[in-house]
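Here's the structure we're looking at; comments come further down.
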Amino acid sequence: MTASPNNHAERAHTALPKRRVAAGRHLIALTRDPALAQALQELAGPNLSIHLVEDLRGLADELMQHATAVALLDAQALAVPADAAVDAVKSQFPDLRLMVAGYVAEQAMLASRIAEQKVFRFVQKPASPQRLKVFLEAAALQRPERRAVDRFPDAPVGAGSTRPPGGAAAQLPMLAGGLAVAILAVGAWLLLREDDATAAPSGVATIQDPAVAPGTAAVLARAEAAFAAGRLIAADGSSAAELYRAALRLDAGSAAAADGFERTIEAALAGAEQALLAGELEQARVTAELLRLIVPDSSHLAFLYTQIERELARLDADTTQQQALEAQRAQIRAAVAAVDERIAAGALLEPATDSAVSRFRKAQTMGGGDPMVRGSRDALVGALLTAADSELTAGRIATAGRLVDAAGSINSSASGLDIMRRRVDAAAVAGPVPASESVPAPVAAATSTAALTPDAAPVAAPAPAGVGPNTGPATPASAGGLDGTGVVSSARLQTLRRAEPEFPLVAAQQGISGWVELEFTVTTEGSVKDVIVTASEPRRTFDSVALAALKRYRYAPVLHDGQPVEQRARLRMRFSAQD
1 MTASPNNHAE
11 RAHTALPKRR
21 VAAGRHLIAL
31 TRDPALAQAL
41 QELAGPNLSI
51 HLVEDLRGLA
61 DELMQHATAV
71 ALLDAQALAV
81 PADAAVDAVK
91 SQFPDLRLMV
101 AGYVAEQAML
111 ASRIAEQKVF
121 RFVQKPASPQ
131 RLKVFLEAAA
141 LQRPERRAVD
151 RFPDAPVGAG
161 STRPPGGAAA
171 QLPMLAGGLA
181 VAILAVGAWL
191 LLREDDATAA
201 PSGVATIQDP
211 AVAPGTAAVL
221 ARAEAAFAAG
231 RLIAADGSSA
241 AELYRAALRL
251 DAGSAAAADG
261 FERTIEAALA
271 GAEQALLAGE
281 LEQARVTAEL
291 LRLIVPDSSH
301 LAFLYTQIER
311 ELARLDADTT
321 QQQALEAQRA
331 QIRAAVAAVD
341 ERIAAGALLE
351 PATDSAVSRF
361 RKAQTMGGGD
371 PMVRGSRDAL
381 VGALLTAADS
391 ELTAGRIATA
401 GRLVDAAGSI
411 NSSASGLDIM
421 RRRVDAAAVA
431 GPVPASESVP
441 APVAAATSTA
451 ALTPDAAPVA
461 APAPAGVGPN
471 TGPATPASAG
481 GLDGTGVVSS
491 ARLQTLRRAE
501 PEFPLVAAQQ
511 GISGWVELEF
521 TVTTEGSVKD
531 VIVTASEPRR
541 TFDSVALAAL
551 KRYRYAPVLH
561 DGQPVEQRAR
571 LRMRFSAQD
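Under the working numbering, read the sequence shown as residues 1 to 579, first letter to last.
Encoded structure:
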């Protein structure tokens, strides 16, 4: 891109890539909008140059140097109303293809200029390079290039001559000045607009040219009325395009009919383009099909069809992909439902080909990242660990180990997994706990309709692998390994006082059961401190009440070599809802 100075504005001349535009095309853009300027510059190539200016005087200078240029006015960069600027520019350059960029307010202001084709295209901001490309191609393809009107025809320079000496270079200040005078007159023009509008005749003007045959004039009047009413194209003979074509059949040399026909086709194509850009694909297709009946050889129409076909292909691909995703989700839902069914039946590991674990493996292959599969994984791991706990309670250590291993193969980072592994290992070393070491307590009534199971506070019995309060005497370190250096089961501690946890009302009403695994420290005075929840099911349902209850527990101090020491311990509280 190269830049050249201008007396009125800084202009960038950008070469654009080769596109479907006439050779040597120029676009003069009056804008101060960086986003719009960037969108224009992305169209750069050898067959189209972009010239950026900042005011109307700079625009006039560039238009005089590039007679076949297309101009773009950014309504937000104008010092005067957009309609006044359009009238001023078109009065100096009547054959100019003029586009305006702006918002809905400016589009409404320019509605009559757009209908009269003073504004060739209105570009709604923000404008993408693709949309600008479509409009530029329309400007290049829909009408043969015309040279700007030479307002100072060649004439001998001498007495009585009105042509300024110096040729076109000398004409530039006069034309720019003329445009400036037109802009300065906007104020008075704005004051008179209402009066002018009141004085203007309403309705469609009739054809007054006496050279036009009466029959042709009547058809042209109907065509103008159809155009004004927005009936541009149809297939029933009532549209503006069909009526203008009928007038041409009556008078092949009618300039009014030819110009009206061209204007109608351009307006219909513009409407189809806008419908396509707005996502109204069906409307664009219907308009294109009607245009094909009227102008089958239009190159612009062929380009429009290409764009419609691409959009149809994209939508078809999206639909196919969506259908595939829906089918996959249906399969995942069915697989997750099968996992839930096997969990409810207690078939976690057996039979091997139809267990909850095997069903989950199938669901995981269908969509490992699907939220339904993630939820199923958490539910299955929780069920496996709960079952392992029950097996430990029953003294079936090998089965408990298999359940824990299965949970680890599904989620090696599952909450509570490491604790269960340590408990299984400890149980495997120590063997089953003799019945004389633990005394199950009766089920204690809780609030509402729920109760705690025997190993839940306040009358918690030993959980599997020794988790739970112990009513026996304190064990010296030499006999039981209590030395304050590790985490032991609370079953090996002497419980002096228990506290009853409050069963959560919501859990009781909904019939929710569960458990909470806790670790804590027994101080040298026998109180409890540093209580944490290491695992729970369901998560956070019973955590707070379990923490509150355990902090009120009291144990006999642990002795090591005859001296009290702090001891880290673990306890599982179970919560069971009952009618």
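All C-beta atoms, glycine included, are put in the ideal place defined by N, C-alpha and C.
CB of residue i within 8 Å of CB of residue j, strictly
i, j, result
"residue 332", "residue 370", "yes"
"residue 240", "residue 232", "yes"
"residue 293", "residue 235", "yes"
"residue 301", "residue 291", "yes"
"residue 410", "residue 380", "yes"
"residue 137", "residue 303", "yes"
"residue 77", "residue 132", "no"
"residue 71", "residue 52", "no"
"residue 134", "residue 273", "yes"
"residue 518", "residue 496", "no"
"residue 104", "residue 122", "no"
"residue 417", "residue 403", "no"
"residue 398", "residue 493", "no"
"residue 86", "residue 63", "no"
"residue 528", "residue 516", "no"
"residue 356", "residue 347", "yes"
"residue 37", "residue 127", "no"
With 16 other Cβ atoms within 10 Å as the buried cut-off, status of residue i
i, result
"residue 129", "exposed"
"residue 567", "buried"
"residue 364", "buried"
"residue 94", "exposed"
"residue 92", "buried"
"residue 35", "exposed"
"residue 316", "exposed"
"residue 297", "exposed"
"residue 501", "buried"
"residue 557", "buried"
"residue 354", "exposed"
"residue 479", "Because residue 479 sits at a pLDDT of 38, beneath the cut-off of 50, its placement in the model cannot be relied upon, and the following sentence gives the value as read from the coordinates. Classification for residue 479: exposed."
"residue 574", "buried"
"residue 537", "buried"
"residue 393", "buried"
"residue 146", "Caution applies to residue 146, whose pLDDT of 43 falls short of 50 and renders its modelled position unreliable; the model cannot decide the point."
"residue 562", "exposed"
"residue 254", "buried"
"residue 504", "buried"
"residue 276", "buried"
"residue 437", "Here the model assigns residue 437 a pLDDT of 36, short of 50, so the residue's position is not dependable and the matter cannot be decided."
"residue 434", "Annotation note: pLDDT 40 at residue 434 (below 50); position unreliable, coordinate value reported separately. Burial call: exposed."
Cβ distance (whole Å) where residue i is taken to contact residue j below 8 Å
i, j, result
"residue 261", "residue 245", "6 Å"
"residue 580", "residue 490", "This structure gives no information on residue 580, because the portion of the chain shown stretches from 1 to 579."
"residue 339", "residue 376", "5 Å"
"residue 139", "residue 97", "5 Å"
"residue 267", "residue 247", "About 17 Å; that fails the 8 Å criterion."
"residue 511", "residue 577", "5 Å"
"residue 555", "residue 506", "With a Cβ gap of about 31 Å, residue 555 and residue 506 do not count as contacting."
"residue 106", "residue 69", "That belief does not hold up - the Cβ atoms of residue 106 and residue 69 are roughly 22 Å apart, past 8 Å."
Reference residue i, options the options, closest by Cα
i, options, result
"residue 308", "499, 326, 327, 283", "283"
"residue 428", "401, 330, 406", "401"
"residue 56", "89, 44, 35", "89"
"residue 47", "64, 61, 39, 27", "27"
"residue 414", "391, 395, 382, 424", "382"
"residue 270", "254, 230, 252", "230"
"residue 548", "562, 312, 119, 520", "520"
"residue 217", "238, 250, 573, 237", "250"
"residue 108", "367, 385, 75", "75"
"residue 535", "528, 523, 421, 426", "421"
"residue 367", "349, 387, 329, 388", "329"
"residue 65", "49, 238, 73", "49"
Paired residues, beta bridge with residue i - DSSP
i, result
"residue 661", "A query on residue 661 cannot be resolved here, the shown segment of the chain reaching from 1 to 579 and no further."
"residue 28", "51, 71"
"residue 103", "In the DSSP output, where bridge partners are listed per residue, residue 103 has none listed."
"residue 97", "70"
"residue 124", "102"
"residue 555", "495"
"residue 564", "559"
"residue 487", "568"
"residue 382", "Bridge partners of residue 382: none, in fact."
"residue 537", "515"
Cβ-heavy atom distance, residue i to the ligand COA, below 7 Å
i, result
"residue 84", "What this structure holds is no ligand at all, so the ligand COA is not there to describe."
Short CB-CB distance (under 8 Å) between residue i and chain D
i, result
"residue 495", "Among the chains of the structure shown, chain D does not appear; only one protein chain is present."
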